[in-house]
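J.: So the mapping is simple: our numbering equals the position in the sequence shown, first residue as 1, plus 74.
We treat Cβ as the ideally placed atom computed from N, Cα and C, and that holds for glycine.
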Amino acid sequence: MSDIEERVIILAPYGADSVQTASLLRESGFQTVIARDEPELCALAREGAGVLLVAEEAFPHGPTSGTVDLLQSQPSWSDLPIIIVTTGGDLTQASLRAVSAFGESANLALIERPFRALTLIRAVQAAMRARRRQYQVRGMMDGLEDLVRDRTKRLEATIAELEAFSYTVSHDLRAPLRAMQGYSHYLIEEYAHRLDDQGRLFLERIRSASARLDSLVQDILTFSRFSKSDVQISPLDPEPLIRQVLESYSELHPANAEIVVRPPFLRVKGHEAFLTQCISNVLTNAVKFVAPGTRPRVEIWNEPIDGSVRVYFRDNGVGIDPSHQQRIFRIFERGPEAENYDGTGIGLAIVHKAVERMGGKVGLESQPGRGSTFWIELQSA
């Protein structure tokens with residue numbers, strides 16, 4: 075801190091009080107400056123001040139709006155100490171007006187005349203110690219701001235790198251995958267008759283593996299997009315989104331699964347694309363993870379819960395052991411019940427991320443062999 079920030083600004087408009095006080099404080103090691111009137115006091119204080127030392131007669135009608143504005147416009151770390159020298163005995167009307175005008179939040183101290191020199195020195199020392207602690211807080215805040223700026227720059231650089239990586243994955247990696255899928259499909263269609271059973275099996279494995287890898291890449295890109303996309307929250311009716319998903323996926327059509335939707339549905343606060351993806355992932359999982367020979371069945375309904383709406387999806391699938399129910403919402407994590415089923419291990423992680431970005435919660439209740447009830451909870455609209 076500079077000398078100007080530790081100076082004592084003195085305003086005592088009558089007699090030689092200001093000169094004598096300044097001399098006394100300088101002898102005690104303080105930097106001092108004398109203001110001729112209240113406007114100059116404010117101007118000097120805005121340049122820098124450790125303590126304001128003011129005689130009550132400087133405020134015959136209370137401090138002006140300039141002084142009040144000076145104090146109210148201080149930065150968050152600052153609480154400029156003010157010492158008011160009053161006439162002995164009961165508080166004078168001038169002192170009362172000054173204290174009242176400054177307000178309860180002002181950092182005020184009063185000294186009565188006559189006072190010993192040591193009393194004044196001790197009061198100024200105490201005020202200056204408080205001011206130095208404020209400067210320490212300012213230094214820490216400045217350090218935190220520098221740290222935040224540095225971290226923000228690093229984060230922005232990381233985001234830029236991730237965006238570049240996403241572009242590379244989306245275009246440069248998926249292009250050869252699509253070529254593998256296309257050529258393997260062509261070979262199966264046009265040349266399968268020239269291969270023996272083992273050759274056809276190997277070719278089908280190439281096609282299947284490339285399709286799984288392409289699906290994995292798409293899921294990773296979706297997870298990345300949900301992690302960094304801007305989220306515009308608006309009131310939504312879940313039922314049309316549910317109906318849209320049911321129409322879009324053949325595995326959810328009546329010929330392949332029994333889906334029971336129980337309206338009416340309460341409106342929620344969410345993001346349409348995010349919520350649609352969540353519904354899609356939960357439903358396609360529900361009809362996929364069923365025991366062999368079992369016709370999938372899913373029941374969908376909602377309930378109000380403490381200012382929120384919880385949408386439930388109850389299935390007749392293989393169920394999930396309670397010890398694995400939290401990890402399945404993490405990326406690439408799958409429970410042992412899913413080992414015999416295709417999947418990337420990202421679908422429920424996308425649901426968790428999307429619901430989290432919408433300010434909601436997701437969870438489930440399940441037991442092995444008894445199906446699962448997944449739920450998505452969002453704020454009520």
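Enumerate, from N- to C-terminal direction, the unbroken beta strand (DSSP E) stretches of 3 or more residues contained entirely within the stretch 325-389.
T.: Runs of the beta strand (DSSP E) inside the stretch 325-389: 332-335, 342-344, 371-379, 382-389.
J.: Are the CB atoms of R388 and T447 within a distance shorter than 8 Å?
T.: Residue numbering aside, residue 447 sits at position 373 when the sequence shown is read from its first letter. Residue numbering aside, residue 388 sits at position 314 when the sequence shown is read from its first letter. Cβ distance < 8 Å, so T447 and R388 count as in contact.
J.: Have a look at G417 and S150 and give me their C-alpha separation to the nearest angstrom.
T.: Sequence index remark: in the sequence shown, residue 417 carries index 343 (1-based). Sequence index remark: in the sequence shown, residue 150 carries index 76 (1-based). G417 and S150: Cα-Cα distance of roughly 53 Å.
J.: Should S97 be labelled buried (16 or more other beta-carbon atoms within 10 Å of its own) or exposed?
T.: Taking the sequence shown and counting its residues from 1, one reaches residue 97 at position 23. The residue in question, S97, is exposed, as its Cβ has fewer than 16 Cβ neighbours within 10 Å.
J.: Does T418 come out as helix, strand or coil in the three-state DSSP assignment?
T.: As a first step, residue 418 must be located in the sequence shown, where it is residue number 344. The answer is coil: DSSP assigns T418 none of H, G, I, E or B.
J.: Which whole-angstrom value describes the C-beta separation of T160 and E112, a residue pair presumed to lie in contact below a C-beta threshold of 8 Å?
T.: Numbered from its first residue, the sequence shown carries residue 160 at position 86. Numbered from its first residue, the sequence shown carries residue 112 at position 38. Not confirmed; about 17 Å, so no contact.
J.: Near L315, what residues of its chain come up, given a Cβ to Cβ distance below 8 Å and the 5 sequence neighbours on each side ignored?
T.: To locate residue 315, count along the sequence shown from 1; it is residue 241. Cβ neighbours of L315 beyond the five flanking positions: E346, L349, T350, I353.
J.: Between F403 and L422, is the Cβ-Cβ spacing less than 8 Å?
T.: Locating residue 403 in the sequence shown gives position 329, counting from the first residue. Locating residue 422 in the sequence shown gives position 348, counting from the first residue. Yes. Within cutoff.
J.: What is the DSSP secondary structure of L182, reduced to helix, strand or coil?
T.: By one-based count along the sequence shown, residue 182 stands at place 108. In the structure shown, L182 sits in a strand (DSSP, three-state: E or B).
J.: Under 8 Å: do the stretch 206-226 and the stretch 125-141 share three or more Cβ pairs, one atom per stretch?
T.: No, they do not touch.
J.: Pick helix, strand or coil for E451, following the three-state DSSP scheme.
T.: Counting from 1 along the sequence shown, the entry for residue 451 is found at position 377. Strand, per DSSP.
J.: Consult DSSP for G273 and reduce its assignment to one of helix, strand or coil.
T.: Reading the sequence shown from its first residue, position 199 is the one you call residue 273. Helix at G273.
J.: To the nearest angstrom, how far is the alpha carbon of N355 from that of V425?
T.: The residue you call residue 355 lines up with position 281 of the sequence shown. The residue you call residue 425 lines up with position 351 of the sequence shown. N355 and V425: Cα-Cα distance of roughly 7 Å.
J.: Please work out which residues of its chain come closer than 7 Å, Cβ to Cβ, to S382, disregarding the five sequence neighbours upstream and downstream, and give them in chain order.
T.: Locating residue 382 in the sequence shown gives position 308, where the first residue counts as 1. Excluding sequence neighbours, S382 sits near E451, L452, Q453, S454.
J.: In whole angstroms, give me the CA-to-CA distance for L194 and I307.
T.: Within the sequence shown, residue 194 is the residue found at index 120, counting from 1. Within the sequence shown, residue 307 is the residue found at index 233, counting from 1. The alpha-carbon atoms of L194 and I307 are separated by roughly 60 Å.
J.: Do the stretch 430-440 and the stretch 391-399 meet, that is, are 3 or more Cβ pairs less than 8 Å apart?
T.: The stretch 430-440, when compared against the stretch 391-399, does touch it at the 8 Å Cβ threshold.
J.: Of all the options V107, L236, E411, which has the alpha carbon lying nearest to the alpha carbon of K302?
T.: Within the sequence shown, residue 302 is the residue found at index 228, counting from 1. The option with the nearest alpha carbon to K302 is L236.
J.: I'd like the list of long-range same chain contacts for R523, defined as Cβ closer than 7 Å, with 5 residues on each side in sequence excluded.
T.: Since the first and last residues shown for the chain are 75 and 455, residue 523 lies out of range.
J.: By how many angstroms is the C-alpha of Y415 removed from the C-alpha of W375?
T.: Your numbering for residue 375 matches position 301 in the sequence shown. Your numbering for residue 415 matches position 341 in the sequence shown. Distance between the alpha carbons of W375 and Y415: 27 Å.
J.: Would you kindly work out how many angstroms separate the C-alpha atoms of N390 and L340, rounded to a whole number?
T.: Mapped onto the sequence shown, residue 390 falls at position 316. Mapped onto the sequence shown, residue 340 falls at position 266. Spanning the two alpha carbons is a distance of roughly 25 Å.
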